[in-house]
Amino acid sequence: DVKVTQSSRYLVKRTGEKVFLECVQDMDHENMFWYRQDPGLGLRLIYFSYDVKMKEKGDIPEGYSVSREKKERFSLILESASTSQTSMYLCASSGRHTHYEQYFGPGTRLTVT
Amino acid sequence: AQKVTQAQTEISVVEKEDVTLDCVYETRDTTYYLFWYKQPPSGELVFLIRRNSFDEQNEISGRYSWNFQKSTSSFNFTITASQVVDSAVYFCAPSEGNTPLVFGKGTRLSVIA
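Going line by line, the protein sequences match chains U and X.
Read in order, the letters of the first sequence are residues 1 to 113 in the working numbering.
Read in order, the letters of the second sequence are residues 1 to 113 in the working numbering.
Below, the structure written as structure tokens:
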């Protein structure tokens, strides 16, 4: 079974703090994704990566950056957290050998106060 | 660019009723994939089905069935004899091969006992 894990289920941070959200997958997937989910807005793509050290902007990259130093790990970074970044963050991975089905982690609910 | 519309924001049914969730998509490519995901109250997105644009056969899996109509760009999902455990948010998402899924805003289904 594909396993995508996220470092925290719940996180509370203060405005202005630097926040790291970690995601690890164990299926040797090439692709990894970060989405945020807000009520009434569905899932919106923040960043994605097709390979190690590669990154592509999604629909709402402002205020975020990412890092992919190893194939299995994709980190989302909030350089200076703001209250507007309070949200549910979902990580996903996909690969050619699993027909590009995206497998999701359990999500991190981030609250910025 | 891809786009998906799930016109039903919320649906409420009584247990054992059949229910159909609508999905209309837009895509530029002639080759694409269509996905359905379920998000139960626990929050984790669960993959339900992937359909290739070449395959217009309807699919049935237990109480679930999918109707793919390429002529109307629709990929509707029917749950027969609904159960309380079917209560969740359901997302439809197209993908043009190895590209991120584009999610609709989802349909929240409530099944009342």
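The beta-carbon is built from N, C-alpha and C at its ideal position, and this holds for glycine as well.
Return the residue from the list the options that minimises the CA-CA distance to residue i.
{"i": "residue 105/X", "options": "53/U, 43/U, 56/U", "result": "43/U"}
{"i": "residue 69/X", "options": "81/X, 55/X, 91/X", "result": "55/X"}
{"i": "residue 70/U", "options": "30/U, 84/U, 81/U, 46/U", "result": "30/U"}
{"i": "residue 28/U", "options": "102/U, 7/U, 113/U", "result": "102/U"}
{"i": "residue 74/X", "options": "62/X, 110/X, 61/X, 94/X", "result": "94/X"}
{"i": "residue 80/U", "options": "65/U, 72/U, 94/U", "result": "65/U"}
{"i": "residue 100/X", "options": "4/U, 93/U, 97/U", "result": "93/U"}
{"i": "residue 85/U", "options": "35/U, 25/U, 3/U", "result": "35/U"}
{"i": "residue 4/X", "options": "76/X, 66/X, 110/X, 81/X", "result": "76/X"}
To the nearest angstrom, how far is the alpha carbon of residue i from that of residue j?
{"i": "residue 64/X", "j": "residue 18/U", "result": "44 Å"}
{"i": "residue 16/U", "j": "residue 83/U", "result": "9 Å"}
{"i": "residue 34/X", "j": "residue 51/X", "result": "5 Å"}
{"i": "residue 14/X", "j": "residue 88/X", "result": "14 Å"}
{"i": "residue 2/X", "j": "residue 16/X", "result": "35 Å"}
{"i": "residue 9/X", "j": "residue 108/X", "result": "6 Å"}
{"i": "residue 112/U", "j": "residue 22/U", "result": "17 Å"}
{"i": "residue 20/U", "j": "residue 75/U", "result": "7 Å"}
{"i": "residue 38/X", "j": "residue 46/X", "result": "5 Å"}
{"i": "residue 6/U", "j": "residue 104/U", "result": "10 Å"}
{"i": "residue 153/X", "j": "residue 10/U", "result": "This structure cannot settle anything about residue 153/X, because the visible part of chain X is limited to 1 through 113."}
So which residues on chain U does residue i lean against when the C-beta distance must stay under 8 Å?
{"i": "residue 61/X", "result": "Neighbours of residue 61/X on chain U: none; closest Cβ ~15 Å, over 8 Å."}
Terminal residues of the continuous beta strand (DSSP E) containing residue i?
{"i": "residue 31/U", "result": "31 to 38"}
{"i": "residue 115/U", "result": "Since the first residue of chain U shown is 1 and the last is 113, residue 115/U is not available in this structure."}
{"i": "residue 108/U", "result": "108 to 112"}
{"i": "residue 26/X", "result": "24 to 26"}
{"i": "residue 76/U", "result": "73 to 78"}
{"i": "residue 51/X", "result": "46 to 52"}
{"i": "residue 109/X", "result": "107 to 112"}
{"i": "residue 27/U", "result": "Premise fails: residue 27/U is in no beta strand (DSSP E) and is neither H nor E."}
{"i": "residue 13/U", "result": "10 to 13"}
Which chain X residues sit within Cβ distance under 7 Å of residue i?
{"i": "residue 33/U", "result": "100"}
{"i": "residue 102/U", "result": "101"}
{"i": "residue 106/U", "result": "43, 44"}
{"i": "residue 48/U", "result": "100"}
Secondary structure at residue i, three-state DSSP: helix, strand or coil?
{"i": "residue 53/U", "result": "coil"}
{"i": "residue 4/U", "result": "strand"}
{"i": "residue 39/X", "result": "strand"}
{"i": "residue 70/X", "result": "helix"}
{"i": "residue 120/X", "result": "Residue 120/X is absent from the structure shown; chain X starts at 1 and stops at 113."}
{"i": "residue 96/U", "result": "helix"}
Just to make sure I have the definition right: I need the residues of chain U whose C-beta is within less than 7 Å of the C-beta of residue i. Which are they?
{"i": "residue 3/X", "result": "Ordered by position in chain U, no residue passes the 7 Å Cβ test against residue 3/X, which lies about 12 Å from the chain."}
{"i": "residue 103/X", "result": "42, 43"}
Are any of the Cβ atoms in chain A nearer than 8 Å to that of residue i?
{"i": "residue 95/X", "result": "Annotation note: the requested chain A is absent from the structure, which comprises protein chains U and X."}
Below 9 Å on C-beta distance, what does residue i contact in chain U?
{"i": "residue 90/X", "result": "By Cβ distance, chain U contributes nothing, its closest Cβ being about 11 Å from residue 90/X, past 9 Å."}
{"i": "residue 50/X", "result": "99, 100, 101"}
{"i": "residue 33/X", "result": "99, 100, 101"}
Interface residues of chain X around residue i at Cβ under 9 Å?
{"i": "residue 90/U", "result": "43, 44, 45"}
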